[in-house]
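Colleague: Numbering (this note's numbering), first residue to last: 208 to 623.
The beta carbon of each residue, even a glycine, is placed where N, CA and C say it ideally should be.
Quick caveat: nothing in here was measured; it's all calculated off a predicted structure.
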Ligand code: UD1
């Protein structure tokens, strides 16, 4: 069951609901460790990455109680371990997000260097610098990062780059620190805001999340809570792009349209008619797609996680498009696979030049990482003929039952 087989060329049609955000669920699950009580999380997406994070919490001593497919109770009252082994940390970049909460709650943490999609070097220096500023001693040994602190204290921290993970990790550590912490040049991504809202629902004192300056006033403990994870703006974007690529008419529901603006603005520029509702976005495809240039940037710029899906769409647009990837240094691995399907794309450093073609043709291709896999699904849906995508475990890391949602919209896609 490691392959998607797609018979392309069918316009997607209908309505589909977006699930909870992977990139909000992971830091929120990790930050549940800060609570001294039970935390009920709703709209948790059923993804491999989330499953791994839940395993990590279990290994640390939390009791995980799956209420139903999208709800989990994290009971941290017996949290007693501070070591995240390589076997788990190596599977998931987001594993680093338990570092701040463990440091704040237990005063120590040992974690193997995190893994994740092979899209670049992905260092964790900004996380480490932040913890050091909060008073932690940090060493590395045998592939592990070890951090200890009797009591963290507030600090003023300027991030060299508005890293999403570093902002989340430092913010989570600082909520139990003594005194005030200010994070400058913080990431402003909606998932950072969702994490801050979650932490505040447990009694944390945070202001400014969603701006580049976040202020955290430390408290002595956090209580339990119930919290609903925000909808996944990247899943929404992927479905919208799939609809546009097939010339279909699709409404995605259960989303926060405001957060999808960087994406919908580009689709509008490509001549794809779009209607925004309060919690919905509808796309009315079928017209000629116009090439546009895309540059990935921190929010509210165009999201790097949508670069690969957008590249697939631009490969069948009229004209020449320039896609520039400024966030990760190795995020064009989908290009070679798209070219197998007839796309005309040249990569030079961090830029890809796409000459739109009339149509793609089905082929055997490989998903090299999560969003590259999503791009190939989109290409396969739009292509003439059959596409077989292998290594789809990458896709399962970040999309909950993607093929079921697409089948619901009339796609001919199955898992083999
Ligand atoms: C998060 C998302 C990921 C998304 C990315 C950018 C999660 C679980 N993942 O990843 O889907 O693509 O944001 O929107 O939320 N960097 C450093 N040093 C650090 C940290 C980061 O140099 O200590 C660099 C990275 O190598 C990268 C850039 O900063 O080039 C952005 O990374 P970051 O924002 O931290 O992404 P993640 O939090 O890993």
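Would you grab the beta carbon distance between residue 438 and residue 225 for me? Rounded to a whole angstrom, and I think it's under 8 Å.
Modeller: Residue 438 to residue 225, Cβ: 5 Å. Contact.
Colleague: Take residue 365 and list the residues in its own chain whose beta-carbon comes closer than 6 Å to its own, dropping the five residues that flank it on each side.
Modeller: Cβ neighbours of residue 365 beyond the five flanking positions: 391 and 392.
Colleague: Mind listing, in chain order, the continuous beta strand (DSSP E) runs of no fewer than 3 residues lying wholly within the region 372-409?
Modeller: The qualifying runs are 387-391.
Colleague: Hey, residue 384 and residue 425 are a contact pair by Cβ (cut 8 Å); roughly how many whole angstroms apart?
Modeller: Right, their Cβ atoms sit about 4 Å apart.
Colleague: With 16 as the cutoff for other CB atoms within 10 Å, does residue 521 come out buried or exposed?
Modeller: Buried is the call here.
Colleague: So who's on the other strand from residue 436, going by DSSP bridges?
Modeller: Answer by DSSP bridge pairing: none, since residue 436 is not bridged.
Colleague: Please name the residue, chosen from 310, 538 and 553, that lies closest to residue 575 on a Cα-to-Cα basis.
Modeller: Of the candidates 310, 538 and 553, the one whose C-alpha sits nearest the C-alpha of residue 575 is 538.
Colleague: Helix or strand or just coil, what does DSSP make of residue 312?
Modeller: Three-state result, residue 312: helix.
Colleague: Are residue 455 and residue 613 close, meaning C-beta to C-beta below 7 Å?
Modeller: Contact: no.
Colleague: Give a single yes or no on whether residue 263 has its beta carbon closer than 6 Å to a heavy atom of the ligand UD1.
Modeller: Not so, every heavy atom of the ligand UD1 lies at least 6 Å from the Cβ.
Colleague: Can you give the Cα-Cα distance for residue 212 and residue 621, rounded to whole angstroms?
Modeller: Roughly 5 Å between the two C-alpha positions.
Colleague: Is it the case that the Cβ atoms of residue 548 and residue 568 are separated by a distance below 7 Å?
Modeller: It is a contact, given that the beta carbons lie within the stated cut-off.
Colleague: For the alpha helix (DSSP H) containing residue 320, name the first residue and the last one.
Modeller: Where residue 320 is concerned, there is no enclosing alpha helix (DSSP H), given that its DSSP letter is neither H nor E.
Colleague: Under 6 Å from any heavy atom of the ligand UD1, does the C-beta of residue 541 make it?
Modeller: No, Cβ of residue 541 sits at least 6 Å from all heavy atoms of the ligand UD1.
Colleague: Just list the alpha helix (DSSP H) runs in the region 549-576, keeping only unbroken ones of 4 residues or longer that don't cross its boundaries, in chain order.
Modeller: As far as the region 549-576 is concerned, it has no whole alpha helix (DSSP H) run of at least 4 residues.
Colleague: How about the region 457-476 and the region 282-290: do they share at least three Cβ pairs that are nearer than 8 Å?
Modeller: As far as the Cβ criterion goes, the region 457-476 does not touch the region 282-290, which means the pair count is below three.
Colleague: When you measure from the CB of residue 650 to every non-hydrogen atom of the ligand UD1, does any distance come out below 6 Å?
Modeller: Because the chain here runs from 208 to 623, residue 650 falls outside it and cannot be looked at.
Colleague: Rank 485, 259, 233 and 244 by C-alpha distance to the C-alpha of residue 296 and give the top, closest one.
Modeller: Minimum Cα distance to residue 296 is reached at 259.
Colleague: Let me confirm a value: residue 250 is counted as buried when at least 16 other C-beta atoms fall within 10 Å, else exposed. Which label applies?
Modeller: Result: buried.
Colleague: Indicate whether residue 413 and residue 406 have their beta-carbon atoms separated by less than 7 Å.
Modeller: For residue 413 and residue 406, yes; Cβs fall inside 7 Å.
Colleague: Would you report the Cα separation of residue 309 and residue 584, rounded to the nearest angstrom?
Modeller: Residue 309 and residue 584: Cα-Cα distance of roughly 38 Å.
Colleague: Counting along the chain, where does the beta strand (DSSP E) carrying residue 627 start and finish?
Modeller: Within the shown structure, residues of the chain are numbered from 208 to 623, placing residue 627 beyond reach of any answer.
Colleague: Using a Cβ-based criterion (distance less than 6 Å to any ligand heavy atom), does residue 428 qualify as near the ligand UD1?
Modeller: Checking every heavy atom of the ligand UD1 against the Cβ of residue 428, none is found closer than 6 Å.
Colleague: If you check the beta carbons only, do residue 246 and residue 432 fall under 7 Å apart?
Modeller: For residue 246 and residue 432, yes; Cβs fall inside 7 Å.
Colleague: Any idea if residue 601 is buried or exposed, counting beta-carbon neighbours within 10 angstroms, 16 or more meaning buried?
Modeller: Its Cβ being crowded by 16 or more others within 10 Å, residue 601 is buried.
Colleague: Quick check on residue 334: does DSSP put it in helix, strand or coil?
Modeller: In this structure, residue 334 counts as helix in the three-state DSSP scheme.
Colleague: Tell me, which residues are paired with residue 256 by DSSP?
Modeller: None; residue 256 has no bridge partner.
Colleague: Is it the case that the Cβ atoms of residue 214 and residue 598 are separated by a distance below 7 Å?
Modeller: Contact flag unset, no.
Colleague: How long is the line joining the alpha carbons of residue 387 and residue 459, rounded to whole angstroms?
Modeller: Cα to Cα, the separation comes out at about 41 Å.
Colleague: Any heavy atom of the ligand UD1 inside 6 Å of the beta-carbon of residue 534?
Modeller: Yes, since a heavy atom of the ligand UD1 falls inside the 6 Å radius drawn around the Cβ of residue 534.
Colleague: Put residue 239 into one of helix, strand or coil per three-state DSSP.
Modeller: Helix.
Colleague: So, at 7 Å on beta carbons, what are the nonlocal neighbours of residue 500 in its own chain, with the 5 sequence-adjacent residues on each side left out?
Modeller: Once the five neighbours on either side are set aside, the close Cβ partners of residue 500 are 528 and 529.
Colleague: Given the structure, does residue 334 come close to the ligand ATP, in the sense that its CB is under 6 Å from one of the ligand's heavy atoms?
Modeller: No copy of the ligand ATP occurs in the structure displayed; its ligands are the ligand UD1 alone.
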